[in-house]
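First residue of the sequence shown? That's -10 in the working numbering, and the numbers climb one at a time after it.
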Amino acid sequence: AVRPTSGCERLKELCEGGECSSVLALALTVLHELHVASPRAPYFEDLAAAPPPGVPLLWPEEDVMRLAGSSLLPTNNGDSAAAKASAAVAAAAATASFEEDVRPVMTAVGIEYLPPDVCTQTFFCGALAWVMSRGLQGRVSYELGSHSFCPCLSTNGPQGSAVGPFHLPLFDLLNHSSHEAERCTTLARANDGDAFEMRAKRDLSVGEEALWSYGSHGAAELLRTYGFVESSRNPYSTVMLTREEVAAAAVANSASLKKQPGDAKTAEARIQALEKAGRLPVVFTLRADGDGKVTKVPEALLTAVQVLVMSKEEFGEWLAAGGIELGEGFLDEESLGSVVGCLLKISDSCLQRYPSAKAFSSGSSSQSSLGLMCKAVKEEERQLILEFKKAVFLLAVAEEDVGEEGEEEELLEEEEEEDEEDEEDEEPAQDTRQAKKRRIDLA
């Protein structure tokens, strides 16, 4: 239990007044308990003695650059200068957040609770990493599109919790599984929210590990927030696409066809129109359906591509209609080729982010635990983009009403032939959860 102090009361006041997010308040509490309180409470004594969480927020720049190509650091494979620049942007964002969001709250709480010598970015990030990796019952959110390793601190974020997360001793030692069949426990608020209760979903065997779910997260999100990846394929894989990638693909695809958008200026004007109409997310997300598959093109992405490639006359009609959502119901024979071509161009552009499977396994540095985690994240995303290409082909086949048996499989086999050859040399990813937390043996 955390000792009641004037600092705690002040943090509570700031949270209730909307001047401090719940994530920031908990991180500052952990900072106090780890570096100021004496003696430490047993729970924080255990945290102080444990290795720090393996989240990218704490990685040096040379290790962060290993994520180049993934949704966490989206740059093309082999572009080390772009990777270095992106890593520097992420580091600068973390520093800016500390100075703008954290330091004023530290000052408001007072030097008795947080003396100047502990009010450093290094100490704070160490405490924040424990909140990210061990916090339960409250979503940690990130600024979408910024590729930041530091969560939202000024507010509870677009998907954050106004009341969590919480540090729950013992419960936070249980590991995660993305697979429903492996999960055997549930955690929920009890007694009108004054307590937490974990229950077994079924009878457990002696020695069986108690697993539960941290959420439907792909490998990139598990690594960014919790500092580990799983050994088996994640059924909730995700890939983030930026609006810049989508617009660039539309321009590149239209150049040879002499169709819209034709140039970057026109594409940007249509991107702005999509944003004004509320049809443009900060990032586009490709998400597996829970079985590791992508069965359809996301509506937001399909609408954006349709608007980018439509004729000037159609664009005017779309604006006059109020910028409505489009989708498969608005595809016709005339637009299908441009839309499918643009979606395939997006896929091919995204695949350029990742090395081949052979390149993944070469070099001694890739065989370290950290290197294997980065490899697993990028390979999972590469596979998801290949699944997305299948969904694009299926869209084309469905809209053209192609009835020739085997044509669809033929198209897909052509696209996958090279990837299958690469994957022969690929090594399975190692499960890094054991390095993250202690295990609990049920006696």
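Ideal Cβ positions, reconstructed from N, Cα and C, are used throughout, including at glycine.
Just so it is clear, the structure is predicted and the values come from calculations on it, not from any experiment.
If I follow the unbroken alpha helix (DSSP H) through residue 155, where does it start and stop? Going by DSSP, residue 155 is part of no alpha helix (DSSP H) at all; its letter is neither H nor E.
Compute the beta-carbon to beta-carbon distance between residue 127 and residue 11, rounded to the nearest angstrom, for a pair I have assumed lies under 8 Å. That pair is a contact at about 7 Å.
Spell out the partners DSSP gives residue 125 in its beta bridges. Bridge partners of residue 125: 155.
Taking only the alpha-carbon atoms, compute the straight-line gap between residue 395 and residue 286 and give it to the nearest angstrom. Residue confidence for residue 395 is low, a pLDDT of 48 falling below 50, so the modelled location carries little weight and cannot support an answer.
With 16 other CB atoms within 10 Å as the buried threshold, where does residue 372 fall? Under the 10 Å beta carbon count, residue 372 is surrounded by 16 or more other beta carbons and is classified as buried.
Exposed unless 16 or more other CB atoms sit within 10 angstroms - verdict on residue 60: Residue environment for residue 60: buried (at least 16 other C-beta atoms within 10 angstroms of its C-beta).
Between the C-alpha atoms of residue 137 and residue 94, what's the straight-line distance to the nearest angstrom? So the two alpha carbons sit approximately 21 Å from each other.
Tell me whether residue 495 sits in a helix, a strand or coil according to DSSP, three-state version. The structure shown does not extend to residue 495, since the chain spans only -10 to 432, so no value can be given for it.
Measuring CA to CA, which of 91, 301 and 292 is closest to residue 267? That would be 292, whose Cα lies nearest to the Cα of residue 267.
Opposite residue 165 in the DSSP bridges: which residues? Its beta-bridge partners are 201.
Give me whichever residues DSSP pairs with residue 187 in a beta bridge. BP columns for residue 187 point to 176.
Selection from 381, 152, 258 and 230 that minimises the alpha carbon distance to residue 5: For the set 381, 152, 258 and 230, the Cα lying nearest the Cα of residue 5 is the one of 152.
Determine the contact status of residue 173 and residue 193, defining contact as a CB-CB distance below 8 Å. The answer is yes: Cβ separation under 8 Å.
DSSP puts residue 228 in a beta bridge; with which residues? For residue 228, which the question treats as bridged, DSSP gives the partners 275.
With residue 297 and residue 256 assumed to form a contact (beta carbons below 8 Å), what rounded beta-carbon distance in angstroms separates them? With 8 Å as the limit, residue 297 and residue 256 qualify as a contact, their Cβ atoms being about 6 Å apart.
Okay, do the segment 198 to 212 and the segment 298 to 314 touch, 3+ Cβ pairs below 8 Å being the bar? No contact exists between the segment 198 to 212 and the segment 298 to 314.
Residue 321 - DSSP class collapsed to helix/strand/coil: In the structure shown, the three-state DSSP call for residue 321 is coil.
Beta-carbon separation of residue 124 and residue 15 under 8 Å? Closer than 8 Å, so yes.
Shortest alpha-carbon distance to residue 360 belongs to which of 40, 253, 212 and 290? Considering only alpha carbons, the answer is 212.
Simplified DSSP state of residue 362, which is helix, strand or coil: The answer is helix: DSSP assigns residue 362 an H, G or I state.
Which residue's Cα is closest to the Cα of residue 31: 236, 42 and 19? If we check each option's Cα against that of residue 31, 19 comes out closest.
Would you mind reading off the limits of the alpha helix (DSSP H) that contains residue 12? Looking at the DSSP string, the run of the alpha helix (DSSP H) that includes residue 12 is 11 to 24.
Kindly give me the distance between the Cβ atoms of residue 142 and residue 90, rounded to whole angstroms, as I take these residues to be in contact under 8 Å. That belief holds up - the Cβ atoms of residue 142 and residue 90 are roughly 4 Å apart, short of 8 Å.
Integer Cβ distance of residue 380 from residue 284, believed to fall under 8 Å: That pair is a contact at about 6 Å.
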